[in-house]
Amino acid sequence: MITAKVELTQAFKQQRQFVAQTGSGHNSLLDDTAGGTGPKPIELVSAGLAGCTAFDVITILRQKYHQKVTGYEVRVEADQAERPPKVFTAVRIHHVITGFDIDVAAVEEAIRLSEEKYCSVGAMVQKTASFHTTYEIVEEKTEWMKPLSAAEVQG
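Residue numbering for the sequence shown follows my numbering, beginning at 42 and increasing consecutively.
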């Protein structure tokens, strides 16, 4: 079971700032645009989506496909309905994978598995929003990080 609670931080002031606590004991501030001291709750949904798919994809790339990933970033942009509830109506997800000899097919399959099978946040958001996913692969340029060839290892 997933749990969370939020508590108003300053009961006698006009601000509507809350502290959120997750069931695993982590705290963060929640705010609105007027207060600006923490993310809006809907922003946490987009961050949750980015994090959910990022964990899936990096795990699949490294453990299943043994890809040499040295950097990874997921960007999420979401459009919201104009009227309440302002659910996400369209989501754009962009993956940037940096590494050595990254296999395009492995990236595409990892993203597909995340979107169709593993990412629980994505499964919920897909109930109201269309998804458009893109990716780019950046070849690692740092020579000292490059894996040694068999000849170099035996050398």
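All C-beta atoms in this analysis are idealised placements derived from N, C-alpha and C, irrespective of residue type, glycine included.
What is the residue span of the beta strand (DSSP E) that residue i lies within?
i	result
GLN121	109-121
ALA45	45-49
PHE172	171-180
SER69	68-71
ALA61	59-63
Going by beta carbon distance, what residues of the same chain come within less than 6 Å of residue i, once the five residues before and after it are set aside?
i	result
VAL128	ALA122, THR169
TYR113	ILE99, ILE138
By Cβ distance, which residues of its chain are closer than 8 Å to residue i, with the 5 residues on each side in sequence left out?
i	result
ALA45	ALA61, GLN62, THR63, GLY64
THR50	GLN56, GLN58, PHE59, VAL60, LEU70
VAL47	PHE59, VAL60, ALA61, GLN62, LEU71
PHE177	Checking the displayed sequence, the identity of residue 177 turns out to be Glu instead of Phe. Closer than 8 Å at Cβ, skipping near neighbours: HIS135, HIS136, VAL137, ILE138.
GLY163	LEU90, CYS93, THR94, SER155, GLU156, PHE172
Classify residue i as buried or exposed, calling it buried when 16 or more other Cβ atoms lie within 10 Å of its own Cβ.
i	result
SER155	buried
THR74	exposed
GLY140	buried
GLN108	buried
ALA131	exposed
Tell me which residues share the same chain as residue i and place their Cβ nearer than 7 Å to its Cβ, disregarding the 5 neighbours each side in the sequence.
i	result
TYR281	No information on residue 281 is available, as it lies outside the stretch 42 to 196 that the chain covers here.
Just checking my contact of residue i with residue j at CB under 8 Å: how many whole Å lie between their CB atoms?
i	j	result
LEU102	VAL148	7 Å
Looking at the secondary structure, which residues open and close the alpha helix (DSSP H) in which residue i lies?
i	result
GLN195	191-195
PHE96	82-100
VAL133	Looking at the sequence shown, residue 133 is not Val but Arg. Segment 129-141 is the beta strand (DSSP E) holding ARG133; no alpha helix (DSSP H) there.
GLU149	145-154
Step through the CB atoms of chain C and report whether any lies within less than 8 Å of the CB of residue i.
i	result
ARG133	You won't find chain C in this structure, because it holds only one protein chain.
If we count Cβ pairs, one from each stretch, closer than 8 Å, do we get three or more for the stretch 67-79 versus the stretch 101-120?
-> no
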